[in-house]
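Colleague: Convert by adding 3 to the 1-based position in the sequence shown; the result is the number in this note's numbering. Structure below; questions to follow.
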Amino acid sequence: MKLLDKAVSIKNHEITASDNLENFYNKIKRRNPDINAFLEIKIEEARLVADKIDQRIKSGEEVGKLAGLVIGIKSNINVEDFKITAASKTLENYFGSYDATVIERIKKEDGIIIGMTNMDEFAAGSSTETSYFGYTDNPAAPGRIPGGSSGGSAAAIAAGLCDLSLGSDTGGSIRNPASHCGVMAFKPTYGVVSRQGLLDLAMSFDQIGPFAQDTGGIAMMLDVITGYDPKECTTIDWNVPAFTKITDLEDEKAQDALKGMKLGVVEQFLEVSDDKIVNIIEDTVQEMGELGVELVELSFDYIELCLPTYYLINYVEFFSATRKYDGRKYGYKIEDVCGEEVLRRIHIGSYISQKEYSGKYYNKALQARSLIRKEINKLLRDVDAIVGPTVPKLPHKLGTSLEPMEMYAYDVLTVIANLAGIPAASIKAGEVNSIPVGLQIQAKPLDDAKILQIMAGFHQTL
Ligand code: GLN
4 MKLLDKAVSI KNHEITASDN LENFYNKIKR RNPDINAFLE IKIEEARLVA DKIDQRIKSG
64 EEVGKLAGLV IGIKSNINVE DFKITAASKT LENYFGSYDA TVIERIKKED GIIIGMTNMD
124 EFAAGSSTET SYFGYTDNPA APGRIPGGSS GGSAAAIAAG LCDLSLGSDT GGSIRNPASH
184 CGVMAFKPTY GVVSRQGLLD LAMSFDQIGP FAQDTGGIAM MLDVITGYDP KECTTIDWNV
244 PAFTKITDLE DEKAQDALKG MKLGVVEQFL EVSDDKIVNI IEDTVQEMGE LGVELVELSF
304 DYIELCLPTY YLINYVEFFS ATRKYDGRKY GYKIEDVCGE EVLRRIHIGS YISQKEYSGK
364 YYNKALQARS LIRKEINKLL RDVDAIVGPT VPKLPHKLGT SLEPMEMYAY DVLTVIANLA
424 GIPAASIKAG EVNSIPVGLQ IQAKPLDDAK ILQIMAGFHQ TL
């Protein structure tokens with residue numbers, strides 16, 4: 004059942020919010036011990052919320068856009084009274100004392116928050132293996148990583164443990180696990196969703212975004228969480244489109260959603276990807292061509308600059324963000340208890356933040372970032388969107404030991420959107436030996452709606 008239809012059925016009292024919740028809770032009890040998508044569940048509180056929604060619906064009261072839908076939240080987004088650990092021992096005993104702006108909005112629209120999802124420690128990773136609370140398994144490809152860092156949020160959707168979930172994306176952490184788990188996910192334009200209440204990884208890249216099984220779900224969540232926030236200075240004051248309307252297409256109209264679109268394919272994005280992934284993406288793109296899409300070949304000369312630029316800036320901003328975890332106000336001193344990858348970033352970040360080195364590293368990275376942003380925007384000028392693989396490699400088997408550079412290599416195609424601040428999404432394109440492969444769609448700043456339109460057209464014609 005499509006999520007938009009489910010939302011309507013709940014409002015019409017054909018399905019109750021309470022039944023929806025209990026169904027998910029039963030599945031969570033059964034499957035979460037193996038998958039470890041959720042780190043914390045609060046069922047009693049969720050039951051009270053569901054019950055109240057049902058009563059209001061019964062008495063004919065108007066309810067919110069997300070009424071009765073069950074939602075999981077990544078453990079780095081503040082939700083009052085839940086454990087906001089960022090999957091680190093550092094914050095093992097930290098409870099959210101307020102709601103992030105996105106959470107306030109979800110609650111106002113009667114979404115039911117059931118629990119907090121697993122992730123890489125402080126969102127610094129691409130596999131969800133660095134969580135202090137253990138790895139998450141990939142429900143779509145058991146025994147393999149679910150991707151990361153929002154692996155729990157992606158796995159929760161893939162295993163059918165909730166209707167919707169939120170993740171955060173600094174260099175791919177929403178799109179990468181969506182690709183590996185075979186679900187949909189969306190990283191909005193930088194500034195379209197408030198980051199207030201999100202624990203920073205690298206603040207000039209971080210964006211919150213949704214995961215869902217279908218485009219209607221993504222659209223519903225975007226309708227709720229996007230828009231200007233007076234409490235957060237990086238949000239953009241703009242006319243937010245009606246995302247749900249864009250995706251709610253009759254089947255005949257779905258094909259038209261793609262007709263006349265100009266989509267770019269970047270040669271270098273395919274060159275860096277595994278052959279089996281390239282085959283699937285090429286088939287998908289060809290199918291789109293048959294649906295009336297005009298395909299344009301593009302070339303991007305700076306692919307090799309992307310990872311070094313991203314990681315340098317990430318280290319510097321992360322180092323600065325972690326200075327508040329000195330053990331006085333929040334939990335433990337981070338350096339005393341954190342994992343290897345977080346410590347690596349703190350050490351390198353501290354080193355390159357020193358004044359005498361800033362010209363050598365950080366300033367150069369900022370220059371490279373402007374160049375990448377300019378070039379990508381230039382390519383986007385002539386097309387509606389760029390399509391290609393989300394991740395260049397298939398997810399490895401859990402427990403495989405990888406060098407840092409091998410882990411970073413997963414991110415080469417996703418960091419570009421964060422460096423440029425543009426919107427980007429991932430949608431399942433196919434499978435290699437039953438392992439999902441995602442198609443990434445990237446567009447101009449504030450063209451978030453266009454990506455959704457492409458996803459809707461593509462998904463309904465599959
Ligand atoms: N894997 C990337 C990193 O480790 C991206 C993480 C993210 O988007 N949060 O920085």
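Think of the CB as a built atom: it goes at the ideal place given N, C-alpha and C, for glycine as much as any other residue.
Using 7 Å as the threshold, is the C-beta distance between residue 424 and residue 231 below it?
Modeller: Within the sequence shown, numbered from 1, the residue matching residue 424 stands at position 421. Within the sequence shown, numbered from 1, the residue matching residue 231 stands at position 228. Contact: no.
Colleague: Got a sec: does ligand 1 put a non-hydrogen atom nearer than 6 Å to the Cβ of residue 294?
Modeller: Translated into positions along the sequence shown, residue 294 becomes position 291. Every heavy atom of ligand 1 is 6 Å or more from the Cβ of residue 294, so no.
Colleague: Closer than 8 Å is the cut-off here; do at least three beta carbon pairs connect the stretch 118-137 with the stretch 35-50?
Modeller: The stretch 118-137, when compared against the stretch 35-50, does touch it at the 8 Å Cβ threshold.
Colleague: Do you know offhand how far residue 452's Cα is from residue 34's?
Modeller: In the sequence shown, residue 452 corresponds to position 449, counting from 1. In the sequence shown, residue 34 corresponds to position 31, counting from 1. Going by the C-alpha atoms only, they are around 35 Å apart.
Colleague: Over the uninterrupted alpha helix (DSSP H) stretch that includes residue 271, give me the two end residues.
Modeller: Within the sequence shown, the letter at position 268 stands for residue 271. Looking at the DSSP string, the run of the alpha helix (DSSP H) that includes residue 271 is 270-274.
Colleague: For residue 212, which of 95, 176, 274 has the nearest alpha-carbon?
Modeller: On the sequence shown, residue 212 is found 209 positions in, with the first residue counted as 1. Per the Cα distances, 176.
Colleague: Is residue 88 near ligand 1, going by C-beta to nearest heavy atom under 6 Å?
Modeller: Taking the sequence shown and counting its residues from 1, one reaches residue 88 at position 85. It does not: the Cβ of residue 88 is nowhere closer than 6 Å to a heavy atom of ligand 1.
Colleague: Taking a contact to mean a Cβ-Cβ separation below 7 Å, would you say residue 20 touches residue 57 in this structure?
Modeller: On the sequence shown, residue 20 is found 17 positions in, with the first residue counted as 1. On the sequence shown, residue 57 is found 54 positions in, with the first residue counted as 1. In contact: residue 20 and residue 57 (Cβ atoms closer than 7 Å).
Colleague: Once DSSP output is grouped into helix, strand and coil, what is the label at residue 58?
Modeller: Within the sequence shown, residue 58 is the residue found at index 55, counting from 1. In the structure shown, residue 58 sits in a helix (DSSP, three-state: H, G or I).
Colleague: Just to check, is the beta-carbon of residue 157 closer than 6 Å to a non-hydrogen atom of ligand 1?
Modeller: Taking the first residue of the sequence shown as position 1, residue 157 is located at position 154. Residue 157 Cβ: outside cutoff for every heavy atom of ligand 1.
Colleague: Give me, in chain order, the residues of the same chain whose beta-carbon lies closer than 7 Å to that of residue 295; leave out the 5 immediate sequence neighbours on both sides.
Modeller: Position 292 of the sequence shown, counting from 1, holds the residue named residue 295. These residues qualify, in order along the chain: 261, 262, 263.
Colleague: Under 7 Å between the Cβ atoms of residue 218 and residue 173?
Modeller: Here residue 218 refers to the residue found at position 215 when the sequence shown is read from its first residue. Here residue 173 refers to the residue found at position 170 when the sequence shown is read from its first residue. Contact flag unset, no.
Colleague: For residue 227, report the span of its alpha helix (DSSP H) as first-last.
Modeller: Position 224 of the sequence shown, counted from the first residue, corresponds to residue 227. From DSSP, the alpha helix (DSSP H) with residue 227 extends over 218-228.
Colleague: Would you mind giving the Cβ-Cβ distance between residue 388 and residue 306, rounded to the nearest angstrom? I have them listed as a contact below 8 Å.
Modeller: Locating residue 388 in the sequence shown gives position 385, counting from the first residue. Locating residue 306 in the sequence shown gives position 303, counting from the first residue. That pair is no contact at about 18 Å.
Colleague: Could you work out which residue in 69, 22, 23, 55 is closest to residue 7 when comparing CA atoms only?
Modeller: Translated into the one-based positions of the sequence shown, residue 7 becomes position 4. For the residues 69, 22, 23, 55, the minimum Cα distance to residue 7 belongs to 69.
Colleague: Relative to ligand 1, is the shortest distance from any of its heavy atoms to the C-beta of residue 203 smaller than 6 Å?
Modeller: Working through the sequence shown from its first residue, we reach residue 203 at position 200. False, no ligand heavy atom lies under 6 Å from that Cβ.
Colleague: Quick one: what's got a C-beta closer than 8 Å to residue 281's C-beta in the same chain, skipping five residues either side?
Modeller: Within the sequence shown, the letter at position 278 stands for residue 281. Hits under 8 Å: 273, 392.
Colleague: Does the stretch 98-106 come into contact with the stretch 125-141, if we say contact requires no fewer than three beta-carbon pairs (one atom in each stretch) closer than 8 Å?
Modeller: The stretch 98-106, when compared against the stretch 125-141, does not touch it at the 8 Å Cβ threshold.
Colleague: According to DSSP, is residue 331 part of a helix, a strand, or is it coil?
Modeller: The sequence position of residue 331 within the sequence shown is 328, counting from 1. In the structure shown, residue 331 sits in coil (DSSP, three-state: anything other than H, G, I, E or B).
Colleague: So, residue 330 versus residue 301, is the Cβ gap smaller than 7 Å?
Modeller: Your numbering for residue 330 matches position 327 in the sequence shown. Your numbering for residue 301 matches position 298 in the sequence shown. Against a cut-off of 7 Å, the Cβ pair of residue 301 and residue 330 comes out as no contact.
Colleague: By the DSSP assignment, the alpha helix (DSSP H) with residue 291 in it spans what residues?
Modeller: Against the sequence shown, residue 291 aligns to sequence position 288. Element bounds for residue 291: 278-293.
Colleague: Please classify residue 223 as buried or exposed, where buried requires at least 16 neighbouring CB atoms within 10 angstroms.
Modeller: Working through the sequence shown from its first residue, we reach residue 223 at position 220. Residue 223 comes out buried.
Colleague: DSSP three-state call for residue 167: helix, strand or coil?
Modeller: Position 164 of the sequence shown, counted from the first residue, corresponds to residue 167. The answer is strand: DSSP assigns residue 167 an E or B state.
Colleague: I need the boundaries of the beta strand (DSSP E) containing residue 312, first residue and last residue.
Modeller: Counted from its first residue, the sequence shown places residue 312 at position 309. Unbroken run through residue 312 is the alpha helix (DSSP H), 306-325; no beta strand (DSSP E).
Colleague: Could you check what DSSP says for residue 246 in three-state terms: helix, strand or coil?
Modeller: If you number the sequence shown from 1, residue 246 lands on position 243. Helix.
Colleague: Could you check what DSSP says for residue 486 in three-state terms: helix, strand or coil?
Modeller: Here the chain has residues from 4 to 465 only, and residue 486 is not among them.
Colleague: Taking 6 Å as the cut-off, is the CB of residue 185 close to at least one heavy atom of ligand 1?
Modeller: The residue labelled residue 185 in the question sits at position 182 within the sequence shown. No; taking the cut-off as 6 Å, the Cβ of residue 185 has no heavy atom of ligand 1 nearer than that.
Colleague: Taking the straight line between their C-alpha atoms, what separation do you get for residue 427 and residue 284?
Modeller: In the sequence shown, residue 427 corresponds to position 424, counting from 1. In the sequence shown, residue 284 corresponds to position 281, counting from 1. Taking the straight line joining both Cα atoms gives about 16 Å.
Colleague: Going by CA-CA distance only, name the one from 406, 169, 420 that's closest to residue 379.
Modeller: As a first step, residue 379 must be located in the sequence shown, where it is residue number 376. Residue 379 has its Cα closest to that of 420, out of 406, 169, 420.
Colleague: Assuming residue 74 contacts residue 140 under a Cβ cut-off of 8 Å, what Cβ separation, rounded to an integer in Å, is found between them?
Modeller: Along the sequence shown, read from residue 1 onward, the residue named residue 74 stands at position 71. Along the sequence shown, read from residue 1 onward, the residue named residue 140 stands at position 137. Not a contact, Cβ separation roughly 21 Å.
Colleague: Apart from the five residues just before and just after residue 147, which ones in its own chain have a Cβ nearer than 6 Å to its Cβ?
Modeller: By one-based count along the sequence shown, residue 147 stands at place 144. Only 141, 398, 400 meet the Cβ criterion.
Colleague: Which value, in whole angstroms, describes the spacing of the CA atoms of residue 12 and residue 4?
Modeller: Mapped onto the sequence shown, residue 12 falls at position 9. Mapped onto the sequence shown, residue 4 falls at position 1. So the two alpha carbons sit approximately 10 Å from each other.
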